[in-house]
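Novice:
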Amino acid sequence: MAENNESTEPLLDDNGLEEKSSSHRHALSFHVDFARLIGLCVALFIAGCYVGWEAAKLRNTPDAFKEAVPRVHIPNIMKTFQQEERFMKPPPFDGVAEPVWDSLLPLGLGYVRNPDIPATENISTISAMHQLHCLYTLRRTMYSTGLNDSKLESFDNGIDRYAHIGHCFEYLRNAIMCSADSSLEPFEVPDNGFPGMGFPRQCRDYEKLKEWAEKWRVLEDKSFILVDVEEQIPQSTSGGD
Numbered sequence: 000m001a002e003n004n005e006s007t008e009p010l011l012d013d014n015g016l017e018e019k020s021s022s023h024r025h026a027l028s029f030h031v032d033f034a035r036l037i038g039l040c041v042a043l044f045i046a047g048c049y050v051g052w053e054a055a056k057l058r059n060t061p062d063a064f065k066e067a068v069p070r071v072h073i074p075n076i077m078k079t080f081q082q083e084e085r086f087m088k089p090p091p092f093d094g095v096a097e098p099v100w101d102s103l104l105p106l107g108l109g110y111v112r113n114p115d116i117p118a119t120e121n122i123s124t125i126s127a128m129h130q131l132h133c134l135y136t137l138r139r140t141m142y143s144t145g146l147n148d149s150k151l152e153s154f155d156n157g158i159d160r161y162a163h164i165g166h167c168f169e170y171l172r173n174a175i176m177c178s179a180d181s182s183l184e185p186f187e188v189p190d191n192g193f194p195g196m197g198f199p200r201q202c203r204d205y206e207k208l209k210e211w212a213e214k215w216r217v218l219e220d221k222s223f224i225l226v227d228v229e230e231q232i233p234q235s236t237s238g239g240d
């Protein structure tokens, strides 16, 4: 008889079932609350990204710079400045071209016409090539025998050299401040005493810019030293290459 009573005794009484049910509800509630918290965090993150994206769009909207001339969009790359002796040598004193320096220029010298950009319906010059031209002008003049050196007349292209030099100093000053390269250079003085070289920095891809310039060129020249460049530029505003 006792054996029958033991076999029919319930495994859990009502209190045990209630405790188990309550524990299950608490666990379920915790998971639900945790899921809600995660969902809220994700929603806030997405909202923050969207607000930031919209703010960036507003800052960079074309309307903010609608009066500015257009720019060629090129990617950024990592680049390390290195001292290249071939660019540090004095130029020849006979007024001839220098292939090493000319290699920096695209075919066409940066004179372009792009029919897809309204501002280039007429001829434009890419600023980077203009800056290199001014740098080269200052270099050749500094190494020449004097500002009145007749051997550089073909290089000046008929421009008064005093005025040309003054323009180039002022143009490069403006260009440097406009670009405002904000790279934080480690101030480590190398053996040669001139810092600023030997570490990676973020640069714009100049080779891509040269490719674009050659695609839309209006000249076939590739030298800093030109004669009558204005006569070589086509005056028609229709068409490209």
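Taking numbering that gives the first Met the number 0, the leading residue of the sequence shown gets 0, the next gets one more, and so forth. For each residue, glycine too, the CB sits at the ideal point set by N, CA and C.
For the pair the stretch 93 to 105 and the stretch 206 to 221, tell me if three or more CB-CB distances fall below 8 Å.
Specialist: yes
Novice: Taking Cys-167 as the reference, give the member of Ala-96, Met-87, Lys-88 and Ser-126 with the closest Cα.
Specialist: Ser-126
Novice: According to DSSP, which residues form a beta bridge with Gln-82?
Specialist: The partner list for Gln-82 (beta bridge, DSSP) is empty, contrary to what the question assumes.
Novice: When you compare each of Gly-197, Glu-187, Trp-211 and Met-87 to Arg-139 by their alpha carbons, which one comes out closest?
Specialist: Met-87
Novice: Report, in whole angstroms, the separation of the C-beta atoms of Leu-171 and Gln-130, which I expect to be a contact under 8 Å.
Specialist: 6 Å
Novice: Applying the 10 Å Cβ sphere with the 16-neighbour rule, what's the burial state of Ala-212?
Specialist: buried
Novice: Helix or strand or just coil, what does DSSP make of Met-176?
Specialist: helix
Novice: Along the beta strand (DSSP E) that carries Arg-200, what are the first and last residues, could you check?
Specialist: 199 to 203
Novice: First and last residue of the alpha helix (DSSP H) that includes Trp-215?
Specialist: Secondary structure note for Trp-215: it is in no alpha helix (DSSP H), with a DSSP letter that is neither H nor E.
Novice: Out of Glu-84, Ser-143 and Pro-199, which one is the CA nearest neighbour of Pro-185?
Specialist: The shortest Cα separation from Pro-185 among Glu-84, Ser-143 and Pro-199 belongs to Pro-199.
Novice: Give the C-beta separation of Asn-113 and Asp-204 to the nearest angstrom, bearing in mind that I take them to be a contact with Cβ-Cβ under 8 Å.
Specialist: Contact flag wrong, Cβ pair sits at about 18 Å.
Novice: Can you pull the DSSP bridge partners for Ile-76?
Specialist: Cys-202
Novice: Roughly how many whole angstroms lie between the Cα atoms of Leu-134 and His-163?
Specialist: 11 Å
Novice: Please return the same chain residues whose Cβ sits closer than 8 Å to the Cβ of Phe-44, not counting the five positions on each side in sequence.
Specialist: none
Novice: Applying the 10 Å Cβ sphere with the 16-neighbour rule, what's the burial state of Pro-91?
Specialist: exposed
Novice: Applying the 10 Å Cβ sphere with the 16-neighbour rule, what's the burial state of Gly-38?
Specialist: exposed
Novice: Since Val-188 contacts Ile-122 with CB under 8 Å, what's their CB separation in whole angstroms?
Specialist: At roughly 45 Å, the Cβ-Cβ gap does not stay under 8 Å, so Val-188 and Ile-122 are not in contact.
Novice: Can you tell me whether DSSP reads Ser-222 as helix, strand or coil?
Specialist: coil
Novice: Helix, strand or coil for Ser-126? Go by DSSP, reduced to three states.
Specialist: helix
Novice: Under three-state DSSP, which class holds Val-111?
Specialist: It is a strand residue.
Novice: Would Ile-73 and Lys-207 be called neighbours here (beta carbons separated by less than 9 Å)?
Specialist: yes
Novice: Distance check for Gly-165 and Phe-64, CA to CA, integer angstroms please.
Specialist: Annotation: Phe-64 to Gly-165 spans about 29 Å, alpha carbon to alpha carbon.
Novice: Between the C-alpha atoms of Asp-159 and His-132, what's the straight-line distance to the nearest angstrom?
Specialist: Between Asp-159 and His-132, the C-alpha separation is close to 16 Å.
Novice: Ordered along the chain, which non-local residues of its own chain (more than five positions away) have a Cβ less than 6 Å from that of Gln-201?
Specialist: Here Gln-201 has Asn-75 as same chain residues with Cβ atoms under 6 Å from its own Cβ, once five neighbours each way along the sequence are excluded.
Novice: I'd like the span of the alpha helix (DSSP H) that includes Pro-189, first residue to last.
Specialist: Premise fails: Pro-189 is in no alpha helix (DSSP H) and is neither H nor E.
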